[in-house]
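*Asks:*
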Amino acid sequence: MFNAKILDTGEIVFAGRLDASQVDVAEKLLEEVTTSRTLNFKELEYISSAGLGILLAHQKRLKETGHAMRLVNLNKHVKDIFILTGFDHIFKIE
Amino acid sequence: MRRDFKRQISSLSQIFSFVSEILTMYEVNEVNSFSINLAIEELFTNIVKYNRNSHSDITIEIEKEGRNLKVNLIDHGGDEFDVTKTQEVDVTRRLEERKVGGLGLHLVKKMVDNLEYRYANGESRITFTKNLE
Chain E
1 MFNAKILDTG EIVFAGRLDA SQVDVAEKLL EEVTTSRTLN FKELEYISSA GLGILLAHQK
61 RLKETGHAMR LVNLNKHVKD IFILTGFDHI FKIE
Chain S
1 MRRDFKRQIS SLSQIFSFVS EILTMYEVNE VNSFSINLAI EELFTNIVKY NRNSHSDITI
61 EIEKEGRNLK VNLIDHGGDE FDVTKTQEVD VTRRLEERKV GGLGLHLVKK MVDNLEYRYA
121 NGESRITFTK NLE
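Line order of the protein sequences matches chains E and S.
Just so we're aligned: 68 in my numbering is position 68 of the first sequence, and the numbers increase by one with no gaps anywhere.
Just so we're aligned: 94 in my numbering is position 94 of the second sequence, and the numbers increase by one with no gaps anywhere.
(1) I'd like to know whether the C-beta atoms of Val-89/S and Gly-77/S end up nearer to each other than 9 Å.
(2) To the nearest angstrom, report how far apart Ala-95/E and Ala-120/S are at their CA atoms.
(3) If I measure Cβ to Cβ from Phe-18/S and keep anything under 6 Å in the same chain, skipping five residues before and after, which residues do I get?
(4) Do Thr-129/S and Leu-69/S come within 9 Å of each other at the CB atom, strictly closer than that value?
(5) Measuring CA to CA, which of Ile-126/S, Lys-6/S, Ser-56/S is closest to Ile-135/S?
(6) Is the distance from the Cβ of Phe-81/S to the Cβ of Asp-19/E below 9 Å?
(7) Between which residues of its own chain and Met-1/S is the CB-CB distance below 6 Å, once the five residues before and five after are set aside?
(8) Are any of the Cβ atoms in chain E nearer than 9 Å to that of Leu-12/S?
(9) How would you write the range of the alpha helix (DSSP H) that Val-19/S sits in, first residue to last?
(10) By the 10 Å Cβ neighbour count, where 16 or more other Cβ atoms means buried, how is Thr-92/S classified, buried or exposed?
(11) Please compile the residues from chain S whose C-beta is within a distance smaller than 8 Å of the C-beta of His-77/E.
(12) Looking at the C-beta of His-106/S, does it have a partner C-beta in chain E at a distance below 9 Å?
(13) So with Cβ pairs under 9 Å, would you call Leu-44/E a contact of chain S?
(14) By Cβ distance below 6 Å, which residues in the same chain neighbour His-67/E in space, the five residues on each side in sequence not counted?
(15) Could you check where the alpha helix (DSSP H) with Asp-80/E kicks off and where it finishes?
(16) Does the distance from the C-beta atom of Ile-90/E to that of Lys-79/E stay below 9 Å?
(17) So if I threshold CB-CB distances at 8 Å, which residues from the segment 30-61 of chain E count as touching chain B?
(18) I believe Leu-29/E touches Ile-47/E by the beta-carbon criterion, under 8 Å. Please report the beta-carbon distance rounded to the nearest angstrom.
(19) Which residues in the same chain have their Cβ closer than 8 Å to the Cβ of Val-72/E, if we skip the five residues on either side of it in sequence?
(20) Can you tell me which of the three DSSP states Val-23/E falls into?
(21) Anything in chain E within Cβ reach of Asn-37/S, meaning under 8 Å, just list it in chain order.
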């Protein structure tokens with residue numbers, strides 16, 4: 001199961017497992033984002049290439065207007081996925 | 001253990017339950033479980049996406065052989081597509097030049113210990129092994 005929400009602070013929280021059957025949930029939420037945001041992955045347990053694809057598409061879109069997504073609190077497995085795909089150079093990760 | 005799954009992305013939740021049962025039974029650790037789940041998802045979704053003309057179920061077989069977990073994904077229909085011979089992804093490219101395509105198989109190759117593909121009599125068989133130590 002995967003959940004995504006935007007907090008009152010503007011921070012975006014991803015939780016659960018972002019697999020290919022759940023990307024529409026992430027897509028629907030990220031479509032609303034038009035300015036720089038922090039994505040909190042504290043409760044994100046799993047991500048596959050389908051999730052990376054959505055993040056890549058929206059990072060590209062935001063960069064066109066000088067904005068970007070910043071990722072925080074990645075667990076070790078999720079962080080490894082970003083490193084293995086070179087996405088740690090595409091996103092600022094803290 | 002062997003089970004058939006409908007050729008659709010929404011089968012993933014059933015697949016993860018099936019895989020979880022087996023990994024728990026074999027007491028596979030968290031690091032290896034993550035890699036095995038990811039490899040199965042990427043290979044399964046790849047079959048679903050690129051063999052749209054077939055409607056047959058996809059079989060997943062998982063067994064332990066010594067120190068290794070051996071996983072087969074068997075596509076009983078569809079075209080030949082050798083997952084071991086895909087173009088390398090250049091992970092050093094800038095954001096503007098990056099594409100989504102190929103990332104899944106790139107991750108599979110990084111996370112499993114051996115990946116093989118066989119095609120015979122209209123059946124594709126993808127086999128990977130993961131050392132559990």
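C-beta: ideal position from N, C-alpha, C; glycine also.
*Replies:* Here's the rundown:
(1) For Val-89/S and Gly-77/S, no; Cβs fall outside 9 Å.
(2) No statement about residue 95/E is possible, as the shown extent of chain E runs from 1 to 94 and does not include it.
(3) In its chain, beyond the 5 residues on either side, Arg-3 have a beta carbon closer than 6 Å to the beta carbon of Phe-18/S.
(4) Yes, Cβ-Cβ distance for Leu-69/S and Thr-129/S is below 9 Å.
(5) What is shown of chain S runs 1 to 133, which leaves residue 135/S out entirely.
(6) The beta carbons of Phe-81/S and Asp-19/E sit no closer together than 9 Å.
(7) Within the same chain, Met-1/S has close Cβ partners Ile-22, Ile-62.
(8) When Cβ-Cβ separations below 9 Å define contact, Leu-12/S makes contact with chain E.
(9) First-last of the alpha helix (DSSP H) with Val-19/S: 12-25.
(10) In the assembly as shown, Thr-92/S is an exposed residue. Its beta-carbon has fewer than 16 other beta-carbons within 10 Å.
(11) For His-77/E, the C-beta contacts it makes with chain S under 8 Å involve Glu-30, Val-31, Phe-34, in order along the chain.
(12) Yes, because at least one Cβ of chain E sits closer than 9 Å to the Cβ of His-106/S.
(13) Taking 9 Å as the threshold, the shortest C-beta distance from Leu-44/E to chain S does not fall below it.
(14) So the list reads Thr-35, Ser-36, once near-sequence residues are dropped.
(15) DSSP places Asp-80/E inside the alpha helix (DSSP H), whose first and last residues are 76-84.
(16) No, the Cβ-Cβ distance between Ile-90/E and Lys-79/E is not below 9 Å.
(17) You won't find chain B in this structure, because its protein chains are E and S.
(18) The C-beta distance from Leu-29/E to Ile-47/E rounds to 15 Å, too long to fall under 8 Å, and the pair is not in contact.
(19) Close CB contacts of Val-72/E within its chain, under the 8 Å cut and outside five residues either way in sequence, are with Thr-38, Leu-39, Asn-40, Phe-41, Lys-42, Ile-93, Glu-94 (chain order).
(20) Look at Val-23/E here: in three-state DSSP terms it is helix.
(21) Under a criterion of Cβ atoms nearer than 8 Å, the residues of chain E adjacent to Asn-37/S are, in order, Tyr-46.
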